[in-house]
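> Residue numbers (our numbering): 458 to 605.
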Amino acid sequence: MHGHVQPFEVHFDDLDAMGIVHNARYAVFLERALSQWWASRGHSYAGGRPTTSDVMHAVAEYSISYRSPVRGTGEIGVHFWVETLGESSAVYCFRILSADGQTVHAEGRRVNVKLDPRTLRPAPWSDDARSAVRELLAVPVEELAQQH
C-alpha cells in the first residue's frame, strides 16, 4: 500500500448526539495525522514558531465523501498519500479506516499551497520537504520520470 496509515484514537468528544463521529471531526483527524507525520520528519512548530518554512501553508481545497459512520470511541486509521506534488502545491488523498483497515469510513482529498511567510504568496517547497514526500507519493518519482 502506498502512503502512510497513522493510527488514531477517537475520543468521546469527537462524537455527536447519535454516538457517531461528527462530520467536522474528520478534517481534524486528517490534520492531526498529517501534523504528526511531518513533525516526525522535523517540520512542525516549536515555541510558537515554524521549524521550517514548509509548515507555512494553507488549505486551498478540501473535499470528503462519507461512506460508513465511525460508531463510538476507539482506534481508527488515517491513511493518506500525495497524489501530486507541484512547485508550491501538494494534493493529498486520504481515507479514514477502521482499525483493521477493512472499512472505509470516509475518503477525500485536500490541496495545500505552501506560502511565503512574508508575502503570503505561493512559494516553492524545499528540497527537504520534496525528499520527505517521496515516501507518500502514490506513484514513485522513478515511474513518473519513465511516463514522460
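All residues carry an ideal CB built from backbone N, CA and C; glycine is no exception.
Since we're looking at a predicted model, the values are computed, not measured.
Checking 8 Å against the spacing of the C-beta atoms, do F465 and G534 come in under that value?
yes
> DSSP three-state call for A474: helix, strand or coil?
The three-state secondary structure of A474, taken from DSSP, is coil.
> Rank L554, T508, I477, E540 by C-alpha distance to the C-alpha of A490 and give the top, closest one.
L554
> Three or more beta-carbon pairs under 8 Å between the stretch 538-545 and the stretch 476-487, yes or no?
no
> For A517, which residues in the same chain have their Cβ closer than 8 Å to its Cβ, ignoring the five residues on either side in sequence?
For A517, where only same-chain residues beyond five positions count, the Cβ hits under 8 Å are S546, V568, N569, V570.
> So for E544, helix, strand or coil by DSSP?
coil
> When you compare each of T509, H500, M513, D471 to T576 by their alpha carbons, which one comes out closest?
M513
> Starting from Q493, follow the alpha helix (DSSP H) in both directions and report where the run begins and ends.
482-496
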